[in-house]
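What follows is a short report on a single structure.
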Amino acid sequence: MVDDVALVVGLGNSGPKYEGNRHNVGFLVLDVLAARVGGKFKAHKGGAEVVEGRLAGRRVVLAKPRGYMNTSGGPVAGTANFYKVPPASIVVVHDELDLPFGTVRLKLGGGENGHNGLRSTTKSLGTKDYHRVRFGVDRPPGRMDPADYVLRDFSLVERKELAFELDRAADAVEALLELGLEAAQNKFH
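So, in structure tokens, the structure goes:
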């Protein structure tokens, strides 16, 4: 990732009802990054709440799409178009059922694995070739529907570790911006 400006997107659902949900971990990581750049999210005509600043020596736009997870793609593409950010300089932070809680994995491209926010983003960008920072939220217990599980708040046990894990995920985003994918993977995997 060597282009001038990077767009870092956190996926989630807008509104206080969803704030502590597992599905909103992308928003939570972006809150950590916004604090690091000393900015507050403001409405943007691209359809997202944005903060502009510098991270890891690069100009960044942090964005939280307004609305719901399954329609994230429009605001992601709108914000990317406004700031003229190519897909290779987009980082999407999202929840991942197939990873244990707090595990962070970075990758470029790949499938959506049933994630509606990624599916919408891929469709709107017209490519799967954007970076992803996957934050593990674990599988639902028993036979619980995964959709119900991700729309629940983190458990009491998870909340005790959550601030540390969010900070680590934010560190992974910064490493990706500064060092590139392979070096960041080597550091966090």
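Going by my numbering, the sequence shown opens with residue 50, and the numbers climb by one from there.
All C-beta atoms in this analysis are idealised placements derived from N, C-alpha and C, irrespective of residue type, glycine included.
Nearest-angstrom Cα separation, counted from residue j out to residue i
i: valine 125; j: glutamate 98; result: 11 Å
i: arginine 7; j: valine 142; result: Since the displayed the chain opens at 50 and closes at 238, residue 7 lies outside it and no answer follows.
i: threonine 171; j: proline 135; result: 13 Å
i: lysine 236; j: proline 114; result: 29 Å
i: valine 206; j: aspartate 144; result: 18 Å
i: phenylalanine 90; j: aspartate 202; result: 22 Å
i: leucine 215; j: threonine 176; result: 27 Å
i: leucine 77; j: lysine 209; result: 15 Å
i: proline 65; j: alanine 196; result: 18 Å
i: alanine 83; j: valine 109; result: 10 Å
i: arginine 188; j: asparagine 130; result: 35 Å
i: proline 190; j: serine 173; result: 33 Å
i: asparagine 73; j: histidine 238; result: 22 Å
i: glutamate 68; j: aspartate 194; result: 20 Å
i: leucine 79; j: serine 169; result: 19 Å
i: arginine 71; j: arginine 192; result: 17 Å
For residue j and residue i, believed in contact at Cβ under 8 Å, the rounded distance
i: isoleucine 139; j: valine 81; result: No, isoleucine 139 and valine 81 are not in contact; Cβ-Cβ is about 19 Å, not under 8 Å.
i: glutamate 101; j: glycine 88; result: 7 Å
i: arginine 85; j: leucine 104; result: 7 Å
i: alanine 212; j: alanine 224; result: About 19 Å; that fails the 8 Å criterion.
Residue i: CB within 8 Å of a non-hydrogen atom of the ligand MN
i: aspartate 144; result: In terms of ligand content, the structure shown is empty, and the ligand MN therefore cannot be addressed.
Cβ-Cβ distance between residue i and residue j below 9 Å
i: glycine 106; j: glutamate 227; result: yes
i: histidine 93; j: threonine 120; result: no
i: leucine 148; j: valine 199; result: no
i: tyrosine 117; j: serine 204; result: no
i: tyrosine 132; j: glycine 158; result: no
i: leucine 146; j: glycine 163; result: yes
i: leucine 230; j: histidine 180; result: yes
Closest by C-alpha distance to residue i, when choosing among the options
i: glycine 61; options: Gly122, Pro149, Val206, Leu157; result: Gly122
i: aspartate 53; options: Asp202, Lys66, Ala137; result: Ala137
i: aspartate 178; options: Arg192, Glu161, Glu68; result: Glu161
>> Quick test of the definition: if touching needs 3 or more C-beta pairs under 8 Å, does the stretch 206-222 touch the stretch 151-169?
In response: yes
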